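Asks: Let me begin by handing over the structure; questions about it come next.
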Amino acid sequence: MSGFEIAGIVFGVLPLFIEAGKAYSDNVTYLRKATSRRLRDEELEEFYQEFYWETLVLRKALEQIVCGLPGLSEKRKQDILMSQDIESWTQTSDVEQSLKDFFASPGDYLAFQKIMEKVLSLFAQLVKNKTVHVSKAERSNAQMCRTLERFQKACLQGSAESSFTERFRFWKKEKDRNTCLHNLDKWNKRMTIMVDAACRAAEKRPHTTVQSEGPSSHLRILSRRLFNTLQKCWSCNCKDRHEARFCLASCIHSTKDLAHGVYFDFLVADPRCQTQWKWREGHVMIKTCNAPR
């Protein structure tokens, strides 16, 4: 075997020895760190704090989006926020259309979808890591805050137990964990930039009419009672029976208007009328005692 062939073999296997040496060195480091419970607890607490912060940043961005969605009632927006559903809330038909209107251009809406998809993927990677003891439910900032508080309390009481094997696995995942947190921070910042730009653009656009939830059950009961009251007054000798119709659609107003009262229209038929004006229109207004005159 010539010298060139020997040199080729040496250079060929040299990267394998380097990788093996690096892996051995890393394992020695992990073993050394795994002997200290305190180091692991401090690192895990730091991770919890970072994870909580990222869930909070995402939550604030989503609140900005939901509060700015055009065409949705305040009740619908509150339902979305209270559900704390960060995965499927964008997939309902009414929200999907509102999001398209909120981001104005198809390109911005597509960018939001891609960013949201990436953020959820990073959260899923962190949750999948069993060494940090974070469940899927704790992607909510409120849940993550409680997890952090429980862990801090356990550390103070000395009850945050972990085995040597568990700590070794925890340190082996350190690089992947930190990389994932770094990427999550980067994509959350991009989400914030997108949302801030969309909010500024939305302020310059004319406001759209909020979709109505429909008349309340109390108003329907009131209209039925009014109908029954009017019906009692129809004890006449007319051959044709009188009719009454109520237009509850006219009572829809904003929440601010409802603080002062509501109103609706009704129609009463006069069968004796020979002209085209057979129907007589009425207007019912209900106000609170302290409503402005």
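Residue 7 is where the sequence shown starts when you use the numbering used here, and the numbers rise one by one after that. Idealized CB from N, CA, C, for every residue including glycine. Bear in mind that the values here come from a model prediction, so they are computed numbers and not experimental data.
Quick check: the segment 53 to 73 against the segment 193 to 211, are there 3 or more CB pairs under 8 angstroms?
Replies: Segments in contact, yes.
Asks: Using a Cβ-Cβ distance cut-off of 9 angstroms, determine whether Arg175 contacts chain B.
Replies: No chain B is present in this structure, which holds just one protein chain.
Asks: Which of the three DSSP states is assigned to Glu287 in this structure?
Replies: Position 281 of the sequence shown holds residue 287. Correct three-state label for Glu287: strand.
Asks: Just the Cα atoms here: how many angstroms apart are Leu190 and Arg65?
Replies: In the sequence shown, residue 190 corresponds to position 184, counting from 1. In the sequence shown, residue 65 corresponds to position 59, counting from 1. The straight-line gap separating the alpha-carbon atoms of Leu190 and Arg65 is approximately 13 angstroms.
Asks: Short check: CB of Val138 to CB of Tyr54, under 9 angstroms?
Replies: Here residue 138 is taken as the residue at index 132 of the sequence shown, counted from 1. Here residue 54 is taken as the residue at index 48 of the sequence shown, counted from 1. It is a contact, given that the beta carbons lie within the stated cut-off.
Asks: Would you check if the distance between the CB atom of Phe118 and the CB atom of Ala208 is smaller than 9 angstroms?
Replies: Counting from one through the sequence shown, the residue named residue 118 turns up at place 112. Counting from one through the sequence shown, the residue named residue 208 turns up at place 202. In this structure, Ala208 does not lie closer than 9 angstroms to Phe118 by Cβ.
Asks: With 16 as the cutoff for other CB atoms within 10 Å, does Ile227 come out buried or exposed?
Replies: Position 221 of the sequence shown holds residue 227. Exposed: under 16 other Cβ atoms inside 10 Å.
Asks: Is the Cβ-Cβ distance between Ser168 and Asp47 less than 9 angstroms?
Replies: Residue numbering aside, residue 168 sits at position 162 when the sequence shown is read from its first letter. Residue numbering aside, residue 47 sits at position 41 when the sequence shown is read from its first letter. Yes, these two residues count as a Cβ contact at 9 angstroms.
Asks: If you follow the alpha helix (DSSP H) that Lys120 is in, where does it begin and where does it stop?
Replies: For this step, residue 120 is matched to residue 114 along the sequence shown. Per DSSP, Lys120 is one residue of the alpha helix (DSSP H) stretching across 112 to 134.
Asks: Given a threshold of 16 other Cβ atoms within 10 Å of its Cβ, counted over all protein chains shown, does Lys83 qualify as buried or as exposed?
Replies: Here residue 83 refers to the residue found at position 77 when the sequence shown is read from its first residue. The residue is buried, with at least 16 neighbouring Cβ atoms inside 10 Å.
Asks: For the alpha helix (DSSP H) containing Gln103, name the first residue and the last one.
Replies: By one-based count along the sequence shown, residue 103 stands at place 97. Start and end: 99 to 109.
Asks: With distance defined between alpha-carbon atoms, name the residue in Ile121, Lys81, Leu87, Gly77 nearest to Glu102.
Replies: Locating residue 102 in the sequence shown gives position 96, where the first residue counts as 1. The option with the nearest alpha carbon to Glu102 is Gly77.
Asks: With the cut-off set at 9 angstroms, would you say Arg211 and Ala110 are in Cβ contact?
Replies: Counting from one through the sequence shown, the residue named residue 211 turns up at place 205. Counting from one through the sequence shown, the residue named residue 110 turns up at place 104. The Cβ atoms of Arg211 and Ala110 sit closer than 9 angstroms to each other.
Asks: Among Arg44, Glu60, Thr41, Glu80, whose alpha-carbon lies nearest the alpha-carbon of Trp193?
Replies: Taking the sequence shown and counting its residues from 1, one reaches residue 193 at position 187. The option with the nearest alpha carbon to Trp193 is Glu60.
Asks: Looking only at C-alpha atoms, which of Asp182, Glu49, Asn234, Met291 sits nearest to Leu132?
Replies: Here the question's residue 132 lines up with position 126 in the sequence shown. Among Asp182, Glu49, Asn234, Met291, the Cα nearest to that of Leu132 belongs to Asp182.
Asks: By Cβ distance below 6 angstroms, which residues in the same chain neighbour Leu116 in space, the five residues on each side in sequence not counted?
Replies: Taking the sequence shown and counting its residues from 1, the one referred to as residue 116 is at position 110. A distance below 6 angstroms between beta-carbons, with the five flanking residues on each side excluded, links Leu116 to no residue of its chain.
Asks: Could you tell me whether any non-hydrogen atom of the ligand MN is closer than 8 angstroms to the CB of Arg65?
Replies: What this structure holds is no ligand at all, so the ligand MN is not there to describe.
Asks: By how many angstroms is the C-alpha of Leu105 removed from the C-alpha of Pro112?
Replies: For the purposes of this step, residue 112 is taken as residue 106 along the sequence shown, with counting starting at 1. For the purposes of this step, residue 105 is taken as residue 99 along the sequence shown, with counting starting at 1. Each residue's Cα considered, the two are about 10 angstroms apart.
Asks: Give every residue of the same chain whose Cβ lies closer than 7 angstroms to the Cβ of Trp95, excluding the five residues on either side of it in the sequence, and list them in chain order.
Replies: Reading the sequence shown from its first residue, position 89 is the one you call residue 95. Excluding residues within five positions, the ones whose Cβ falls inside 7 angstroms are Ile86, Ser89, Val101.
Asks: Between Gly74 and Cys205, how many whole angstroms is the CB-CB distance? I'm expecting something under 8 angstroms.
Replies: In the sequence shown, counting from the first residue as 1, residue 74 sits at position 68. In the sequence shown, counting from the first residue as 1, residue 205 sits at position 199. The pair is a contact, with the Cβ atoms about 6 angstroms apart (cut-off 8 angstroms).
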